[in-house]
Amino acid sequence: MRTFVHGEVVWGVACPRRPSRVAGVTMAGFRVRDLDALRMVPHPAVTLLLEFGAGSPVVDCAAGRQQRGSLVAGPGLGSGGAVRARGENVECVQVRLSPVIARAVLGVSPADLDGAVVSLGDLWGQEASRIREQLGDVASWQDRFALADALLARRHEAGPPVDPEVAWAWHRIVVSRGLARVDGLAAEVEWSRKRLWSRFRSQLGLPPKRAVKLVRFDHAAHRLVAGEGAARVAADAGYADQSHLHRDVRAFTGATPATMAGEPFLAVDDIAWPNRGTPAKPHVSRDLRLGRRPSDRS
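Residues in the sequence shown are numbered from 2 upward in steps of one, following our numbering.
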């Protein structure tokens, strides 16, 4: 476990030695004695938090709503800067799920979360309690990662996949770092725009245009954290100008680019998610890989 220090707060951070068996799953372990009002910065993944320690994380959402313990939230958690996490003696495994596999793993589409933070127990019932006990019973972080990965792999195998056309469109957005032309996605898979937009939204939990903005913002945000100037980041990331970047950061985080660049939620990423820039390869049909029209499914 490595140490990450931000201000007066010391985090313990652990990473798996091996990648997940499921493409699109990444995870990290955290131990924080005193977590104080951590701003949740939107990320293009479904967040799954598996807590097991003596303490319990609390997530404060908009309109005074709270969620305690293990939870799940759709892509873009924290948009507008209204979500904060806090707690004492927090120990957890945080899992980032590609929206492409989230429906299979969770048992519900990210769209069914409707942008809310949901108790994992409400989705998984007793299975959520069992994994909490199992994570607490083992002594090492690598064993915890192995337990979590086995659970995710089993659920993924049993769950329904998204349409390969939807997976392909998501992959194009991610590998382009949010620079893909939204109007061109439907043409690439030879679907109507209406059909792709409807399937994308219902299966991944956000429309393609929002996905492009979120992926582009995430790339820009990490470059700002790395110390790059806002003008250069705006130009390279596809924003019209620096003011456009500023507005996007405000919309996603409720903060200025300079303030956001110092957020620990982002600053810890180099330790916790060292391979975040490598997108998982989606499941796509052979026809799509060869550039042919996929079979027409209703």
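Every residue gets a Cβ at the ideal spot worked out from N, C-alpha and C, and that includes glycine.
Counted as a single uninterrupted DSSP element, the beta strand (DSSP E) harbouring Arg-97 occupies residues 85-98.
Within the same chain, and ignoring the five residues on either side of Ala-55 in sequence, the residues whose Cβ sits closer than 7 Å to its Cβ are Asn-90. No Cβ-Cβ contact shorter than 7 Å links Gln-243 with Ala-256.
Taking C-beta separations shorter than 6 Å and ignoring five residues to either side along the sequence, the partners of Val-213 in its chain run Ile-174, Gly-179, Val-183, following chain order. Under a 10 Å Cβ-count criterion, Ser-199 is classified as exposed, with fewer than 16 other Cβ atoms of the shown protein chains found around its own Cβ. Annotation note: the segment 104-130 contains the following uninterrupted alpha helix (DSSP H) runs of length 4 or greater, listed N- to C-terminal: 121-125. Residue environment: Arg-217 is assigned as buried (16 or more neighbouring CB atoms within 10 Å of its CB, all protein chains considered). In this structure the segment 144-159 does not lie against the segment 56-69, because fewer than three pairs of beta carbons, one per stretch, are closer than 8 Å. The segment 18-89 is shown to contain whole beta strand (DSSP E) runs of 3 or more residues at 26-40, 47-52, 59-61, 67-69, 72-74, in chain order.
By the CB criterion at 7 Å, Val-118 and Leu-72 fall inside the cutoff.
By the neighbour-count criterion, in which 16 or more other beta carbons inside 10 Å mark a residue as buried, Ser-21 falls on the buried side. Excluding the 5 residues flanking it on each side, Ala-38 has same chain C-beta neighbours closer than 7 Å at Arg-85, Arg-87, in chain order. The way I'd put it, the segment 189-203 doesn't touch the segment 124-141; fewer than three beta-carbon pairs between them come closer than 8 Å. Checking the DSSP bridge columns, you'll see Trp-12 partnered with Phe-5, Val-33. Its chain contains Gly-70, Ser-71, Ala-129, Ser-130 as the residues whose beta carbon lies nearer than 8 Å to that of Gly-122, once the 5 sequence neighbours on both sides are disregarded; these appear in chain order. Taking a 10 Å sphere around the C-beta of Glu-264, we find 16 or more other C-beta atoms and assign the residue as buried.
In the DSSP assignment, Asp-270 falls within the unbroken alpha helix (DSSP H) covering 270-273.
Spanning the alpha carbons of Thr-260 and Asp-270 requires a straight line of approximately 16 Å.
Within the same chain, Ala-221, Ala-231, Val-234, Ala-235, Ala-238, Tyr-240, Pro-258 come within 8 Å of Leu-246 by CB-CB distance, once the 5 residues on both sides are set aside.
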